[in-house]
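To keep things clear, I will list the structure first and then write my remarks on it.
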Amino acid sequence: MRVLLIGSGGREHALAWKIAASLKVSRLFCAPGNGGIDAIAECVSLGATDVKAIVSFAKERKIDLVIVGPEAPLVEGLVDALEAAGIQAFGPRKEGALLEGSKSFAKSLMEKYGIPTGKAGIFTVYGKALDYLAGAEPPYVIKADGLAAGKGVVVTADLEEAEKAIRSALVDGAFAEAGERVLIEEYLDGPELSLLAFTDGKTVIPMVPAQDYKRVYDGDMGPNTGGMGSYSPVPILTEPVYEQIVSEVLVPIVAALATEGIDYRGVLYAGLVLTKSGPKVMEFNARFGDPETQAILPRLKSDLIDVMLAVAEGRLAGQKLDWSSQPCVTVVLASGGYPGKHKTGFEISGLEEAEETGTAIFHAGTSRANGKILTSGGRVLNVSALGTTFEEARNKAYEALARIKFDGMHYRKDIAIRAVEQEASGKLRLETRN
Ligand code: GLY
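Counting in our numbering, the sequence shown runs from 971 upward without gaps.
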């Protein structure tokens, strides 16, 4: 099979690594890829949202399956365009991707079908939004409706800051079309986790749960990032709560989409908060999570291509996923200054030495030039290690990353400490679900 993967981050390197391991795959292309993907796939310099060019390339190179990593091409309708050209694709079509591309669409669907989530008001008029805000309880959660490159959500206890966020979206047009509508949401209090699932629009097969770290500094301090680390499984998730998420969130949202005439096939990502009154949906995404994928895929023993084909062809019923019982810990190495302004183009050393420890190094913001690997983005590398315990996985990841060096490199030192503590106190649950 000839496969084309779309995207350029750590998630896509983890996907490429797992796809390349499939005996069914004879040739793997990636558009645009990165310095690490380049070692296992043929990278082609096409933008991930250049729908026309991707369809032409897929036709010309007789691609059998296109796998879409990021959300933007899904929301742009890449899967629809590929299918129209007779090319099989993995990922939801444009109308399904609205689940991530429009937060008001997702919220309205959840409200209509009784899927547990925070209450919200949806506004296009500044004055009406302010009236609603005046009656809301802090902390205030303000979200731009559309895709805003991770910058469209403000959580604040300060009323003025909340007003400013609404003004910036609705009046100043900070997010262009994506901010023409805003949501003012109830704050959900409790631990967060991600549960992703494969679905062909009828059957839902959950993956193992994962925990990501959004803040840049240890102790969940500092500004939000694209993700500074992750681990899987999630010890705080008990079996009954897991079952509740599957039966009250994942299965009903796929059924709701089907009832609305939307045939959703691909990955369904539920970002959840375990509140005192049960698990509630904070967000849905229409794709694999980043950096959750870097901690989930090393645990997947089944052939990823088999499950992706079953999803795309609507025959997921009866498929079984085989997971390793070993935990996985992923630590992200970032450029100096990230998530703010940062310089790139620095040489990265120690990659081979790190890989010798048996950990997987998934590249994100890297490029290859004259035989060297250089930094080319904010999040640069992901170091993922499996272990017989969380403690072992965590130690392996930190030992491996100590061998890697580049100018300004920084990372969180506390990834998976929580899981190690929970493991030590005997709270490691969900053994049957790995
Ligand atoms: N880790 C959050 C996301 O992928 O959106």
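Think of the CB as a built atom: it goes at the ideal place given N, C-alpha and C, for glycine as much as any other residue.
- Rounded to the nearest whole angstrom, the CA to CA distance from L1158 to E1361 is 30 Å.
- Positions of the beta strand (DSSP E) runs, each at least 3 residues long and wholly inside the region 1107-1171, are given as 1110-1114, 1123-1126, 1152-1155, 1162-1169 in order along the chain.
- For V1178, the three-state secondary structure derived from DSSP is coil.
- Remark: C-beta atoms of V1251 and T1169 do not approach each other more closely than 9 Å.
- In the same chain as D1008, and ignoring 5 residues on each side of it, the C-beta atoms closer than 6 Å to its own belong to R1338, in chain order.
- The DSSP-derived three-state label of F1258 is coil.
- In the same chain as A1118, and ignoring 5 residues on each side of it, the C-beta atoms closer than 8 Å to its own belong to F1145, A1148, G1149, in chain order.
- Secondary structure of E1283 (DSSP, three-state): coil.
- Apart from the 5 residues on each side of it in sequence, G1320 sits with its Cβ closer than 7 Å to the Cβ of R1373, I1374, K1375 in its chain, given in chain order.
- E1262 is classed as buried because its beta carbon has at least 16 other beta carbons within 10 Å across all chains shown.
- Comparing alpha-carbon positions, the option among D1276, N1340, V1350, I1387 lying closest to A990 turns out to be D1276.
- M1191 is bridged by DSSP to Y1187.
- The bridge partners DSSP lists for N1352 are V1302, F1332.
- S996 and R972 do touch by the CB rule: their CB atoms are close to 6 Å apart, below 8 Å.
- For the pair T1359 and A1330, the Cα-to-Cα distance works out to about 17 Å.
- Look at Y1239 here: in three-state DSSP terms it is strand.
- Your pair P1222 and Y1083 checks out as a contact, with CB atoms roughly 6 Å apart and the cut at 8 Å.
- In the DSSP assignment, E1253 is bridged to G1241.
- With fewer than 16 other Cβ atoms inside 10 Å of its own Cβ, P1161 counts as exposed.
- Excluding residues up to 5 positions away in sequence, L975, L998, C1000, G1003, I1007, I1010, A1011 lie with their Cβ nearer than 8 Å to the Cβ of A986 in the same chain.
- By alpha-carbon distance to G1341, the top candidate from G1005, Y1234, P1205 is G1005.
- For S1202, the beta-bridge partners assigned by DSSP are C1298.
- These are the residues, in chain order, with a beta carbon less than 6 Å from any non-hydrogen atom of the ligand GLY: D1182, G1197, N1255, G1259, D1260, E1262.
- For G977, the enclosing beta strand (DSSP E) begins and ends at 972-977.
- Taking all protein chains in view, the Cβ of A1167 is crowded by 16 or more other Cβ atoms within 10 Å, so the residue is classified as buried.
- Residue pairing by DSSP puts A1090 in a beta bridge opposite E1155.
- For P1002, the pairing in a beta bridge is given by DSSP as G977.
- The continuous alpha helix (DSSP H) containing I1387 extends over residues 1387-1394.
- Sorting K1313, A984, V1186, L1129 by C-alpha distance to the C-alpha of M1198 places V1186 at the top.
- Taking a cut-off of 8 Å for Cβ pairs, the region 1098-1105 and the region 1172-1189 do not touch, as fewer than three such pairs fall below it.
- Per DSSP, the continuous alpha helix (DSSP H) segment holding V1221 begins and ends at 1221-1229.
- Annotation for V1036: the continuous beta strand (DSSP E) segment containing it runs 1035-1038.
- As computed with DSSP, G1310 is found in no beta bridge at all.
- Going by C-alpha positions, V1211 is about 43 Å away from L1344.
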